[in-house]
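Undergrad: Sequence lines, in order, name chains A and B. Note that our numbering has the first sequence beginning at 907, numbered continuously upward. Note that our numbering has the second sequence beginning at 12, numbered continuously upward. Virtual Cβ for every residue (Gly too), placed ideally from N, Cα, C. Just so it is clear, the structure is predicted and the values come from calculations on it, not from any experiment.
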Amino acid sequence: MISQITEPYNEKEISGVLDPIIREWFFSKFKAFSMPQMYGVMPIHERKNILITAPTGGTKTLTSFLSILNYLVKLARRVDLEDKVYAIYVSPLKALNYDIEVNLQEPLKEIQKVAKKFGVKLQDIRVAARTGDTSSAEKTAQLKKPPHILITTPETLAIVLTTKKFVDTMKAVEFVIIDEIHALASGKRGIDLSLSLERLEHVSVIAPVRIGLSATIAPLDEIAKFLVGYEYKDGKYTERDCLIANVQFLKKMDFKVLSPVDDLIDTTASQMHLGLYGLLDNLIQEHKTTLIFTNTRSATERVVNHLKEKFPKKYTSGEIGAHHSSLSKKHRRDIEKKLRNGELKAVVCSTSLELGIDIGYIDLVLQLGSPKSVARALQRQGRSGHKLHDVTKGRLIVLDRDDLIECSVLLKEGVEKKIDRIQIPKNAFDVLSQHIYGMAISHKWNIDELFSVIKKSYCYHDLSKEDFYEILSYLSGEYAELESKNVYAKIWIDWKTKELGKRGKLARMIYMTNIGTIPEESFVNVVIAVPADRREEKIGVIDESFLERIEKGDVFVLGGSKYEFLYSKGMNVYVNASVSRQPTIPSWASEMLPLSFDLAMQIQRFRKLMDEKFSSKQKENEIKIFIREFLYVDEKAVNAIYNFFREQYLFSKIPHEKRLLIEYFEDEDEKKYALFHTLYGRRVNDALSRAIAFAVARYGNRDIELGISDNGFYLASHNKMNIDKALREINSKNLREILEQAIGKTEVFKRRFRHCAARSLMILRSYMGRRRSVGKQQMKSVFLLGAVKRLNDNFPILKETRREVLEDLMDIENAKYILDEISKNKIKIEKMNTEVPSPFAFNLITQAHADLLRIEDKIEFLKRMHKEVLKRIKS
Amino acid sequence: MLKEIKPVKLLENVYALGLGILLKKEKVFILGDLHIGYEEYLNKQGILIPREQFKLTKNLLEKTLATIKPEKIIVNGDLKHEFGTISKQEWIETLKIFDILTQSCKEIILVKGNHDTILEPLANKRNFEVKDYVIVGNICITHGHKLLKETKELKNIKTIIIGNDHPAISIKDGIKSELYKCFLVGKWQRKNLIVMPSFLPIIEGTDIRKEKTLSPYLKQKLSDFKVFVVGDKIYEFGKLKDI
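1) Just reading off the beta strand (DSSP E) that B/Thr-170 is part of, what are its end residues?
2) Give the DSSP-derived three-state secondary structure of A/Met-944 in the structure shown.
3) Helix, strand or coil: which one does DSSP assign to A/Cys-1365?
4) Any idea what DSSP makes of A/Trp-1494, helix, strand or coil?
5) Listed from N- to C-terminal order along the chain, which residues in the segment 47-58 of chain B have their beta-carbon within a distance smaller than 7 Å of any beta-carbon of chain A?
6) Once the 5 residues before and after A/Arg-1642 are set aside, which same chain residues still bring their CB inside 7 Å of it?
7) Since B/Phe-40 is in the beta strand (DSSP E), which residue starts that stretch and which ends it?
8) Assuming B/Phe-210 and B/Leu-33 are in contact, meaning their beta carbons sit under 8 Å apart, how far apart are those beta carbons, in whole angstroms?
9) Using a cut-off of 9 Å between C-beta atoms, extract the partners of B/Asp-253 located in chain A.
10) Could you pull out every residue in the same chain whose Cβ sits closer than 6 Å to the Cβ of B/Gly-48, ignoring the five residues on either side in sequence?
11) Would you tell me roughly how many angstroms separate the C-alpha atoms of B/Gly-124 and B/Lys-142, rounded to the nearest one?
12) Report the partner residues of B/Pro-178 according to the DSSP bridge assignment.
13) Does the Cβ of A/His-951 have 16 or more other Cβ atoms within 10 Å, making it buried, or fewer, making it exposed?
14) Tell me, to the nearest whole angstrom, how far the beta carbon of A/Val-1153 is from that of A/Tyr-945; I am working on the premise that it is less than 8 Å.
15) Looking only at its own chain, which residues have a Cβ that is under 6 Å from the Cβ of B/Asn-175, when we skip the five neighbours before and after it?
16) Figure out for me which residue from A/Leu-1338, A/Val-1066, A/Lys-1458 and A/Arg-1116 has the closest Cα to the Cα of A/Arg-1414.
17) Is the Cβ of A/Glu-1389 closer than 9 Å to any Cβ of chain B?
18) Quick one: residues in its chain with C-beta nearer than 7 Å to the C-beta of A/Thr-1423, no 5 flanking neighbours on either side, listed in chain order?
19) Taking the Cβ atom as the reference point for each residue, do A/Leu-1585 and A/Gly-1618 lie within a distance shorter than 9 Å?
20) Considering only their Cβ atoms, is the gap separating B/Leu-165 from B/Leu-195 smaller than 9 Å?
21) Give me the subset of the segment 206-223 of chain B whose CB atoms are less than 8 Å from a CB atom of chain A, sorted by chain position.
22) When the cut-off is 9 Å and only beta carbons count, does A/Gly-1692 lie next to chain B?
23) Taking three-plus beta-carbon pairs below 8 Å as touching, is the segment 1572-1587 of chain A in contact with the segment 1344-1353 of chain A?
24) Go ahead and pull the three-state DSSP assignment for A/Tyr-1605.
25) Could you pull the start and end residues of the alpha helix (DSSP H) that B/Cys-116 belongs to?
26) Under a CB-based cut-off of 9 Å, is B/Val-141 close to chain A?
27) Applying a beta-carbon distance threshold of less than 7 Å, which residues of chain A neighbour B/Ile-60?
28) Locate the alpha helix (DSSP H) running through A/Ser-909, then write down its first and last residues.
29) Could you name the residues of chain A that B/Asp-44 contacts, counting a contact when the two beta carbons are closer than 8 Å?
30) Determine the direct distance from the alpha carbon of A/His-1583 to that of A/Gly-1224, and round the result to whole angstroms.
31) Take the Cβ of A/Val-1082 as the centre, count every other Cβ of all protein chains shown within 10 Å, and call the residue buried at 16 or more, exposed below.
32) According to DSSP, which residues form a beta bridge with B/Leu-33?
33) Under three-state DSSP, which class holds A/Thr-1298?
34) Report the rounded CA-to-CA distance for A/Glu-1319 versus A/Leu-1049, giving the unit in angstroms.
35) Around the C-beta of A/Asn-1333, are 16 or more other C-beta atoms found within 10 angstroms, so that it is buried, or is it exposed?
36) Output yes if chain A places a C-beta closer than 9 Å to the C-beta of B/Gln-231; else output no.
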């Protein structure tokens, strides 16, 4: 059962269970127990599973360790400490692991001092970190003297579970702490971890207590279930028990929306630019240390450069820094250290400083553009005023009117503490393939027993036996011809005895060097070919998928300068650096964060309220009063929001939660557009738009252009599009089937296929002693995709790629929900013909991520193009 | 993908046939860049692609040869993929391809490509000739990875046929783009130059509009080259600059 702890324990009770040494140490450091400690310490002491959710700096980590340290000290006092791992701490970040190790070594030293004072001889309590960076000498030392507390990452945990000797030290683990569980649960790293936890439980004679630590997150029940999984007893699975200590909202918030200019409409790009950097400079100067989130790596670079250029005296490299995942580890560690030492005035990051690495004292957090989810906004906000009772100070800086409304509603949700929910992916075949391989490497298994261990994981509880057998069949290389099987088969299976085991001498090596769930992204170098004096100069990298979109002669921007694409060769792109033309192709938006569905629905609700005000002919000041009271924004914002809605209302109609507006218009090129005001976030829109485009394209047998954003999508074509017919055809029941066909030819499918094939170990990054570049993997994975498709359209890796695209990248579940609402007439579709796009549609047209729904057969396309060529030749 | 295998005229006496070339008058069939063992090479690279190349190559070859009775077959380089080594599987597959060739014609000549560093043992097994180039009438067939020396013999040559580059072309319409194998017909100095696509069914080849060409015969601008696109059959698309 999952149950919330409603009352904190009392201080005496907690104090009472502490060893005198720990008690003395604790109260020499802290005046009293913190709120999370009042909730969390006792249940852990009583060996109960618990999910603790509290803001950063809320002493969560010590809460989780206090009972464990207490227990270890009691053992150490009696000289009962064995050479084994008692507790495992897992976090998604190596940097965080390092912090934790330091933060445990220090107290342990102090505890030894207290013991000395007490005249007690304590056994040494050992702490060690183990990650991909740990040297083999350290690993050997850990084997000789196992750490009592092991600090590690999800990936390394999977590896040590397959390491013959080290696993012997983990056969009686008593506690497992999962830190930053909110950052893991919604992705494949979390799935990987959930299987590792069950494998740990399987090798351990004791069921370790599971402790989850999380920042702001929802839904808590599901996260708790994810943490603890299921128990298997007497042929039945039951949810394991878990307590929830919800101490989420302790800090007071000073949280506001700011606009860099007075008027967000009649502002030129350069006024906006001036306004923005003026505002940033003012805010930074008024505070000691400012942390700025920009959402993307490229924006991070841009902001740092502009600040340095505009205010060269105020912002030198010593006072401002950039932090994002593409920068070297050394650079990032350096910035983090400077932050802790209070040396920096401002740090600009993409999303990389959201997690709980210690970054010292920050007094202001700025978010440039919408953070797209309430949970993320609060997590970032919580990076300021790190001490528990400080007030957190944050500002959302909006860049256009859509952004203003989104941020204003987000602010309201945040202030009212309504957190958007995350989704936890289930039944991923690729991660499962990895684990089965790892398990087979550990020892021989009975197939049914293996299945029952897997089904204890929350992420695989619904796994069907058929799917499980399909994965086994894949892993045993049943798809390959006999003579080449040794290349493909990873395990052997004896269906008679129902046993399986690893195959091949290289198995362990392949496993150790290839597992993990984080996809390697592929970048190509941009190299100068012209002018001659700069020839061969490397300027930077671009995402490989971007390369697929650009053509000879296209001009693009990289690191603030313009380049003309000339040609590519291998992993290099050659460019002309002396180009004066304007960019012809926008930089790719793959790294854009999607708007959360729950927040999107709140914006839709706000739109509906606004529509009611306008429709019932309320007076301007009445509506403005409503905006001011409903949202927590200033007068400037109230006016801008009012004007934006008024324009939309006068121009056409205000779309909202009950009204799905479709606008039809043509551009000067006579291209026809159907624009859907579906403010459901891009994950839902990705699914809806492709399904509709597919249904439309199927009849015309011609590809349809589409543009997708958080606020809606459009379809475009020179041919007539029968949208009504398409809408009648699509429903929540056939959506999956339609989408599975619609995504097959997309670029994103090819990319995700590579990721899934790598996770399933059909593409080995490291093999026969060599490591392959991602770019080469990607090029070659396209051949693999073709071959696998010809082999079997339901090959497990293809199925997983479809699942990942539909469920993780897109949001098919909520798309189905919307379709149901439409069919129940709870959402009404209304259509309008317009001359130009309406005000709400404006950003959608200019900023949407454009793609193509391919339906036309490759040969049909060739025939059509050939006819056009013939026509041209004749004329 | 190729359904209809019929000769399509590239130049006088020179016809594209499937993925190969037919010299009508002399009844010579030319094919190149089979890259046998490419999948095995990918396997070694850690891409565990299931194998179908041999089957597809064999089918297409048999289908093509069924339409003609050649007196001579010229393999214009890069018969197998791996440099320097040959696996058991490659050895078996190469010999099987040889058998298909010898069944339809007596004289087989192998032209050396850049991947064919150890072609001789294979050729010896079947008593095939191995050459750097072959001359048929006023046509010279060579792989194209290096320039041939300008000898007397070559002076009177009117047409050169090369492989090596695996030409393919992306056809675009708006933001849609698809890649197809293609033949290129143009000029090198004053001679005609024909570039053949690879006889490697699992891969299209290198997009001539995006990537730099490799052969020393292709250092000039290709915009005046005529493009013959391979789809279900062969389509003439006119000059590259007009596509």
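TA: Let's see:
1) Stepping through the second sequence from its first residue, residue 170 of chain B is reached at position 159. Segment 170-173, the beta strand (DSSP E) holding B/Thr-170.
2) Along the first sequence, one-based indexing puts residue 944 of chain A at 38. Helix, per DSSP.
3) Here residue 1365 of chain A is taken as the residue at index 459 of the first sequence, counted from 1. It is helical.
4) Translated into the one-based positions of the first sequence, residue 1494 of chain A becomes position 588. Residue confidence is low: A/Trp-1494 scores 48 on pLDDT, short of 50, so the model does not pin down where it sits. No coordinate-derived value is stated.
5) Answer in chain order: Leu-53, Asn-54, Lys-55, Gln-56, Gly-57 and Ile-58.
6) Working through the first sequence from its first residue, we reach residue 1642 of chain A at position 736. Correct list, in chain order: Leu-1712 and Ile-1718.
7) Looking up residue 40 of chain B in the second sequence gives position 29. Counted as a single uninterrupted DSSP element, the beta strand (DSSP E) harbouring B/Phe-40 occupies residues 39-42.
8) Translated into the one-based positions of the second sequence, residue 210 of chain B becomes position 199. Translated into the one-based positions of the second sequence, residue 33 of chain B becomes position 22. Going by Cβ atoms, the distance from B/Phe-210 to B/Leu-33 rounds to 14 Å, so no, they are not a contact pair.
9) For this step, residue 253 of chain B is matched to residue 242 along the second sequence. Under the 9 Å cutoff, chain A gives Val-1775, Arg-1778 and Ile-1779.
10) On the second sequence, residue 48 of chain B is found 37 positions in, with the first residue counted as 1. Same-chain partners within the cutoff: Lys-91, His-92, Glu-93 and Glu-101.
11) For this step, residue 124 of chain B is matched to residue 113 along the second sequence. For this step, residue 142 of chain B is matched to residue 131 along the second sequence. So the alpha carbons of these two residues sit roughly 10 Å apart.
12) Stepping through the second sequence from its first residue, residue 178 of chain B is reached at position 167. DSSP lists B/Thr-217 as partners of B/Pro-178.
13) Here residue 951 of chain A corresponds to residue number 45 of the first sequence, with the count starting at 1. Buried, since its Cβ has 16 or more Cβ neighbours within 10 Å.
14) Here residue 1153 of chain A refers to the residue found at position 247 of the first sequence. Here residue 945 of chain A refers to the residue found at position 39 of the first sequence. Indeed, because the Cβ distance is near 6 Å, the residues count as touching under 8 Å.
15) In the second sequence, the residue the question calls residue 175 of chain B occupies position 164. Result list for B/Asn-175: His-154, Gly-155, His-156 and Ser-226, in chain order.
16) Here residue 1414 of chain A corresponds to residue number 508 of the first sequence, with the count starting at 1. Nearest of A/Leu-1338, A/Val-1066, A/Lys-1458 and A/Arg-1116 to A/Arg-1414, Cα basis: A/Val-1066.
17) The sequence position of residue 1389 of chain A within the first sequence is 483, counting from 1. Any Cβ of chain B closer than 9 Å to the Cβ of A/Glu-1389 would place that residue at the interface, and such an atom is present.
18) Here residue 1423 of chain A corresponds to residue number 517 of the first sequence, with the count starting at 1. Answer for A/Thr-1423: Lys-1094, Arg-1095, Asp-1098, Val-1337 and Arg-1665, listed in chain order.
19) Indexing the first sequence from 1 puts residue 1585 of chain A at position 679. Indexing the first sequence from 1 puts residue 1618 of chain A at position 712. Yes, these two residues count as a Cβ contact at 9 Å.
20) Residue numbering aside, residue 195 of chain B sits at position 184 when the second sequence is read from its first letter. Residue numbering aside, residue 165 of chain B sits at position 154 when the second sequence is read from its first letter. In this structure, B/Leu-165 does not lie closer than 9 Å to B/Leu-195 by Cβ.
21) When CB distances to chain A are screened at a threshold of 8 Å, the residues of the segment 206-223 of chain B falling below it are Ile-213, Ile-214, Arg-220, Lys-221, Glu-222 and Lys-223, in chain order.
22) Within the first sequence, the letter at position 786 stands for residue 1692 of chain A. Closer than 9 Å: yes.
23) No, the segment 1572-1587 of chain A is not in contact with the segment 1344-1353 of chain A.
24) Within the first sequence, residue 1605 of chain A is the residue found at index 699, counting from 1. The answer is helix: DSSP assigns A/Tyr-1605 an H, G or I state.
25) Residue 116 of chain B sits at position 105 when you count from the first residue of the second sequence. Here B/Cys-116 belongs to no alpha helix (DSSP H), and DSSP marks it neither H nor E.
26) Counted from its first residue, the second sequence places residue 141 of chain B at position 130. Interface annotation, B/Val-141: not in contact with chain A, CB-CB separation never under 9 Å.
27) Indexing the second sequence from 1 puts residue 60 of chain B at position 49. The contacting residues are Phe-1689, Leu-1690 and Ala-1693.
28) Taking the first sequence and counting its residues from 1, the one referred to as residue 909 of chain A is at position 3. Here A/Ser-909 belongs to no alpha helix (DSSP H); instead the beta strand (DSSP E) covers 908-910.
29) As a first step, residue 44 of chain B is located in the second sequence; it is residue number 33 there, counting from the start. Here the premise fails: no neighbours, minimum Cβ distance about 15 Å.
30) Against the first sequence, residue 1224 of chain A aligns to sequence position 318. Against the first sequence, residue 1583 of chain A aligns to sequence position 677. Counting only the Cα atoms, A/His-1583 lies some 46 Å from A/Gly-1224.
31) Working through the first sequence from its first residue, we reach residue 1082 of chain A at position 176. Result: buried.
32) As a position in the second sequence, residue 33 of chain B is number 22, starting the count at 1. According to DSSP, B/Leu-33 bridges with B/Tyr-26 and B/Phe-40.
33) Taking the first sequence and counting its residues from 1, one reaches residue 1298 of chain A at position 392. Reduced to three states, the DSSP call for A/Thr-1298 is strand.
34) Residue 1319 of chain A sits at position 413 when you count from the first residue of the first sequence. Residue 1049 of chain A sits at position 143 when you count from the first residue of the first sequence. Annotation: A/Glu-1319 to A/Leu-1049 spans about 50 Å, alpha carbon to alpha carbon.
35) The residue given as residue 1333 of chain A occupies position 427 in the first sequence. Buried.
36) Stepping through the second sequence from its first residue, residue 231 of chain B is reached at position 220. At least 9 Å separates the CB of B/Gln-231 from every CB of chain A.
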